[in-house]
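Accompanying notes for the structure given below.
2 protein chains.
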Amino acid sequence: MNYHFSSRVPKTDIDPVGNILKVVESPDIISFAGGLPAPELFPVKQIAQATAKVLNECGQVALQYGSSQGIPELRKIIAERVKLEGIDTSPDHIMVATGSQQTLDLTGKIFIDPGDTVIVESPTYLCAVDVFKSYGANFVGIDMDDDGMRMDHLEQALSEHPETKLIYTIPNFQNPTGRTMSLDRRKKLSVLADKYDVMVLEDNPYGAVRFAGENVPSVKSLDSTGHVIYMGTFSKILAPGMRLGWIVADESLINKYKMMKQSADLHTDSLSQYIIAKYCELFDIDEHIKLISSLYQKREQLMMAAIQKYFPKNAKCSYPEGGMFIWVEIPEIKDTQALFDLAIKQRVAFVPGEPFYSEHPKPGTFRLNYSNMSEDKIEEGIKRLGKVIQTALLAQEVY
Amino acid sequence: MNYHFSSRVPKTDIDPVGNILKVVESPDIISFAGGLPAPELFPVKQIAQATAKVLNECGQVALQYGSSQGIPELRKIIAERVKLEGIDTSPDHIMVATGSQQTLDLTGKIFIDPGDTVIVESPTYLCAVDVFKSYGANFVGIDMDDDGMRMDHLEQALSEHPETKLIYTIPNFQNPTGRTMSLDRRKKLSVLADKYDVMVLEDNPYGAVRFAGENVPSVKSLDSTGHVIYMGTFSKILAPGMRLGWIVADESLINKYKMMKQSADLHTDSLSQYIIAKYCELFDIDEHIKLISSLYQKREQLMMAAIQKYFPKNAKCSYPEGGMFIWVEIPEIKDTQALFDLAIKQRVAFVPGEPFYSEHPKPGTFRLNYSNMSEDKIEEGIKRLGKVIQTALLAQEVY
Chain A
-9 MNYHFSSRVP
1 KTDIDPVGNI
11 LKVVESPDII
21 SFAGGLPAPE
31 LFPVKQIAQA
41 TAKVLNECGQ
51 VALQYGSSQG
61 IPELRKIIAE
71 RVKLEGIDTS
81 PDHIMVATGS
91 QQTLDLTGKI
101 FIDPGDTVIV
111 ESPTYLCAVD
121 VFKSYGANFV
131 GIDMDDDGMR
141 MDHLEQALSE
151 HPETKLIYTI
161 PNFQNPTGRT
171 MSLDRRKKLS
181 VLADKYDVMV
191 LEDNPYGAVR
201 FAGENVPSVK
211 SLDSTGHVIY
221 MGTFSKILAP
231 GMRLGWIVAD
241 ESLINKYKMM
251 KQSADLHTDS
261 LSQYIIAKYC
271 ELFDIDEHIK
281 LISSLYQKRE
291 QLMMAAIQKY
301 FPKNAKCSYP
311 EGGMFIWVEI
321 PEIKDTQALF
331 DLAIKQRVAF
341 VPGEPFYSEH
351 PKPGTFRLNY
361 SNMSEDKIEE
371 GIKRLGKVIQ
381 TALLAQEVY
Chain B
-9 MNYHFSSRVP
1 KTDIDPVGNI
11 LKVVESPDII
21 SFAGGLPAPE
31 LFPVKQIAQA
41 TAKVLNECGQ
51 VALQYGSSQG
61 IPELRKIIAE
71 RVKLEGIDTS
81 PDHIMVATGS
91 QQTLDLTGKI
101 FIDPGDTVIV
111 ESPTYLCAVD
121 VFKSYGANFV
131 GIDMDDDGMR
141 MDHLEQALSE
151 HPETKLIYTI
161 PNFQNPTGRT
171 MSLDRRKKLS
181 VLADKYDVMV
191 LEDNPYGAVR
201 FAGENVPSVK
211 SLDSTGHVIY
221 MGTFSKILAP
231 GMRLGWIVAD
241 ESLINKYKMM
251 KQSADLHTDS
261 LSQYIIAKYC
271 ELFDIDEHIK
281 LISSLYQKRE
291 QLMMAAIQKY
301 FPKNAKCSYP
311 EGGMFIWVEI
321 PEIKDTQALF
331 DLAIKQRVAF
341 VPGEPFYSEH
351 PKPGTFRLNY
361 SNMSEDKIEE
371 GIKRLGKVIQ
381 TALLAQEVY
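Going line by line, the protein sequences match chains A and B.
Counting in my numbering, the first sequence runs from -9 upward without gaps.
Counting in my numbering, the second sequence runs from -9 upward without gaps.
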């Protein structure tokens, strides 16, 4: 039958990244494609203990309808946690969301009218582009270097696009590049947001998973005018399956989010909120995050060493100090989708760079994930990929 | 600060029903206002057992990112359950959602462009009106009688509004009226949907909680052309706090829902999906539903008997055969908000009818909930309310 969809619905069902992730599910493929945390570190037993305690102590409340803003116990814990990012706030200025993805959706719904501009890093998190697009956004991508989004380009874009509603940034260990925005640029970003009266959506899923270098204060902590909305999540520091994210914003803005949240799904899963609050009460989540950071550091170092060994000498890599991704640029490769197809034949996978660009993809780029692959397979996988790249370059198959 | 919101955001923060629900939270108020299931029936211990088993057997998978469509184990169970509604489908045609509310949101996103018409029952579930409004819908409300939405009025509306995108109906024990649509009207609805090429969104949260009369086949089971999207939920038959709903639709449509679901929150809480699937494997959910139905029947009968005793003789009530609500009409009362204010002084509460109407509210109507109040308080609460009504009518305070 012929459905009469809204203009928000993409004409095609083709999902290039979904297709990639399907191809790489085969167990004999060494996949650096996904963006999953290491499941062997999920504190399954501690979560079981926390759950048993929650159901015993307040089962009826945890299974009943709850508040759209999120349970106070969890919002208190979040208010404490964001102090680590330099944010001094109260539980009233926090809303719990069904994962960070929901915050992106609600932000789009609240701010974006068809034709509004959203400024994003180039490249950026592709599901953010998808969701803002569903509200009719146009995109302006801002070039990055090793210090993150370039502020001169940002200012130019802001002056050329006064209809800009939102600047979306992932300042720590960005997806897909692994890059971190310098303190100077964060200060400048906050000043520009104020000057051009534009909201900044600061998405910080990876910041707590730092294994090298020094912590950089969040953009939100540098904001004195209320232009920054801060997003966090338990997905990378505890478990993504429970879909628990949060936002920090001024109270009047939180009220709008609550209203839209109620329309979207009434409230976030109460049982999961109680479980995570109880976990944080019973156990030391910072100790747990140290375990994660230390494993990811080991994997990142292994991958970096293998890249040095097996990739062509002119391959340019980001050197992440945390998070889950390395970004690779090999300018001689013009078509990383063709490279992907060759790599799959050798049972190794990555994500080609193109889908991460809202516009003007840079050829020869791709993303490698190191958090989700065991150490013994990292060297082997990069060795295979290096061979695919060298062979392809020789045969000029990916020009 | 002055935010530049999208045109979707309501200008006001005033939430009349939210305000009502806040007022009635006080423990000395006998509240028939909310729409909550009875928490004393939540199978807390069984859910604890199921959770322990899930975390022990597949903890890492249950805590990891999962499929946007929902876990296959749960979709299989849902495919079996909807057979009770006459629906013969497969897990491929089912998507799990973050509660029924999310299905409403995704349906709005997929079908409604600003200016499109949505046809609703008059009165209807108010959060459905809110969410469709956020996508720019205009509403046409169709009168109901004891057999549900009037099909002659529906056909007239369809012929007058060719821009109609959606007919939204709650055919069983409707919220707020408690009424059930007759089989003849369901057949007619399916024929009209086909004739005018309009989608029907059939929302069935209460259908399984039937304590009198005979089951009526779902509209979906009468649909041969793919015009009906069917919604169900575990909120009223197990526990709402875990936010688990589902839709049944043709596969090509499910693909669009999956795409929008991924934008909205990636996927529904995996842990909760595994817990409910395990609960259904270990325990007999139909036996549990019988317990719920039997308690609600007792409460409904008590409330009906008290209404006969204490309300004015010309009070007209719906006689629900299941679900959670009784609808009252007392034509002499012109202002049920004023009646609400008087009732609160006597420590008893209900929800005035007005917010349930998308247009042209019918004066003198209000909703009573019987599922969430203990038996000993039902008679006392209705007695108080009866006295408030009688006094107010005598004093002409609510004319």
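Glycine is no exception: its CB is placed at the ideal position from the N, C-alpha and C atoms.
Just to check my reading of the structure: residue i and residue j have Cβ atoms closer than 8 angstroms, yes? What is that Cβ distance to the nearest angstrom?
i, j, result
"Ser112(A)", "Ser348(A)", "7 angstroms"
"Gln263(B)", "Leu64(B)", "5 angstroms"
"Leu212(B)", "Ser180(B)", "4 angstroms"
"Leu261(B)", "Gly60(A)", "Not really, about 17 angstroms apart at Cβ, beyond 8 angstroms."
"Ser(-4)(B)", "Ile102(A)", "6 angstroms"
"Phe273(A)", "Gly49(B)", "So it is not a contact: roughly 15 angstroms between Cβ atoms."
Do residue i and residue j have their C-beta atoms within less than 9 angstroms of each other?
i, j, result
"Thr88(B)", "Met134(B)", "no"
"Ile160(A)", "Pro195(A)", "yes"
"Val341(A)", "Ile19(A)", "no"
"Thr114(B)", "Asn165(B)", "yes"
"Phe356(B)", "Thr326(B)", "yes"
"Thr93(B)", "Met221(B)", "yes"
"Arg(-2)(A)", "Ile219(B)", "no"
"Ile266(B)", "Ile67(B)", "yes"
"Phe330(B)", "Leu358(B)", "no"
"Ile289(B)", "Ser361(B)", "The question names Ile, but residue 289(B) is Arg in the sequence shown. Taking 9 angstroms as the Cβ cut-off, Arg289(B) and Ser361(B) qualify as a contacting pair."
"Gly371(A)", "Phe22(A)", "yes"
"Thr154(A)", "Asp106(A)", "yes"
"Glu305(A)", "Ile379(A)", "Here the sequence assigns Ala to residue 305(A), which means Glu is not the residue at that position. Going by C-beta atoms, Ala305(A) is nearer than 9 angstroms to Ile379(A)."
"Ile157(A)", "Val110(A)", "yes"
"Ala198(B)", "Ile237(B)", "no"
"His(-6)(B)", "Asp187(A)", "yes"
"Ile334(A)", "Val318(A)", "no"
"Ala52(A)", "Ile282(A)", "no"
"Gly376(A)", "Lys303(A)", "no"
"Leu116(A)", "Pro345(A)", "yes"
"Ala254(A)", "Asp95(B)", "yes"
"Ser58(B)", "Lys248(B)", "yes"
"Ser182(B)", "Leu234(B)", "According to the sequence displayed, residue 182(B) carries Leu and not Ser. No, these two residues do not count as a Cβ contact at 9 angstroms."
Using the Cβ count rule (16 or more neighbours within 10 Å means buried), how would you classify residue i?
i, result
"Ala385(B)", "exposed"
"His350(B)", "exposed"
"Lys268(A)", "buried"
"Gln54(B)", "buried"
"Met293(B)", "buried"
"Gly203(A)", "exposed"
"Met(-9)(B)", "exposed"
"Gln91(B)", "buried"
"Glu192(A)", "buried"
"Leu285(A)", "buried"
"Lys210(A)", "buried"
"Ser225(B)", "buried"
"Met62(B)", "According to the sequence displayed, residue 62(B) carries Pro and not Met. The residue is exposed, with fewer than 16 neighbouring Cβ atoms inside 10 Å."
"Ile4(B)", "exposed"
"Pro6(B)", "exposed"
"Asn321(A)", "It should be pointed out that residue 321(A) corresponds to Pro in this sequence rather than to Asn. Answer is exposed; the Cβ neighbour count stays below 16."
Contacting positions in the region 341 to 365 of chain A - beta carbon closer than 9 angstroms to chain B: Going along the region 341 to 365 of chain A in chain order, one finds no residue with a Cβ nearer than 9 angstroms to chain B.
Residues, ordered as in the chain, of the region 176 to 203 of chain B that lie near chain A by beta-carbon distance below 9 angstroms: If the cut-off is 9 angstroms between Cβ atoms, the region 176 to 203 of chain B has Asp187, Val188, Met189 near chain A.
Complete beta strand (DSSP E) runs within the region 167 to 214 of chain B (minimum length 3 residues, chain order): If only complete runs of 3 or more residues are kept, the region 167 to 214 of chain B shows the beta strand (DSSP E) at 189 to 193, in order along the chain.
Within 7 angstroms of chain B by C-beta, residues of the region 216 to 238 of chain A in sequence order: Identification of residues in the region 216 to 238 of chain A having a C-beta nearer than 7 angstroms to some C-beta of chain B yields Gly216, Ala229, Pro230, Gly231, Met232, Arg233, given in sequence order.
Ordered list of beta strand (DSSP E) runs contained in the region 92 to 160 of chain B, each at least 3 residues: Counting whole runs of 3 or more residues, the region 92 to 160 of chain B contains the beta strand (DSSP E) stretches 107 to 112, 128 to 135, 154 to 159.
Near-chain A residues of the region 111 to 135 of chain B (beta-carbon distance less than 8 angstroms), N- to C-terminal order: So the list reads Cys117, Asp120, Val121, Ser124, Tyr125, given in the order they occur along the chain.
Interface positions of the region 44 to 58 of chain B facing chain A (Cβ-Cβ less than 8 angstroms), listed along the chain: Result list: Leu45, Asn46, Gly49, Gln50, Val51, Ala52, Leu53, Gln54, Tyr55, Gly56.
Chain-ordered residues of the region 268 to 283 of chain B with a beta carbon less than 9 angstroms from chain A: Contact residues of the region 268 to 283 of chain B toward chain A are absent (C-beta to C-beta distance below 9 angstroms).
Contiguous beta strand (DSSP E) assignments of at least 3 residues, all confined to the region 292 to 361 of chain B: List check, beta strand (DSSP E) in window: 315 to 319, 355 to 359.
Under 7 angstroms (Cβ pairs) to chain B, residues found in the region 138 to 157 of chain A: Of all residues in the region 138 to 157 of chain A, the ones placed with a Cβ closer than 7 angstroms to any Cβ belonging to chain B are Lys155, in chain order.
Any alpha helix (DSSP H) of 4 or more consecutive residues that is wholly inside the region -4 to 56 of chain A: Qualifying alpha helix (DSSP H) stretches, in chain order: 6 to 13, 34 to 53.
Chain A contacts from the region 81 to 109 of chain B (Cβ-Cβ distance under 7 angstroms): So the list reads Thr88, Gly89, Gln91, Gln92, Asp95, Lys99, Ile100, Phe101, Ile102, Asp103, given in the order they occur along the chain.
Start-end ranges of the beta strand (DSSP E) lying completely within the region 210 to 250 of chain A, minimum 3 residues: With a minimum length of 3 residues, the continuous beta strand (DSSP E) runs that stay inside the region 210 to 250 of chain A are 218 to 223, 235 to 238.
Short-range partners of chain B found in the region -7 to 8 of chain A, where Cβ spacing is below 9 angstroms: Within the region -7 to 8 of chain A, Tyr(-7), His(-6), Phe(-5), Ser(-4), Ser(-3), Arg(-2), Val(-1), Pro0, Asp3, Asp5, Gly8 place their CB atoms closer than 9 angstroms to a CB of chain B, listed in sequence order.
Proximal residues, the region 6 to 30 of chain B versus chain A, C-beta separation under 9 angstroms: Flagged, chain order: Gly8, Gly24, Gly25, Leu26, Pro27, Pro29, Glu30.
Residues, ordered as in the chain, of the region 367 to 378 of chain B that lie near chain A by beta-carbon distance below 7 angstroms: Those residues of the region 367 to 378 of chain B that come within reach of chain A (Cβ to Cβ, closer than 7 angstroms) do not exist; the list is empty.
Short-range partners of chain A found in the region 286 to 305 of chain B, where Cβ spacing is below 7 angstroms: Result list empty, no residue passes.
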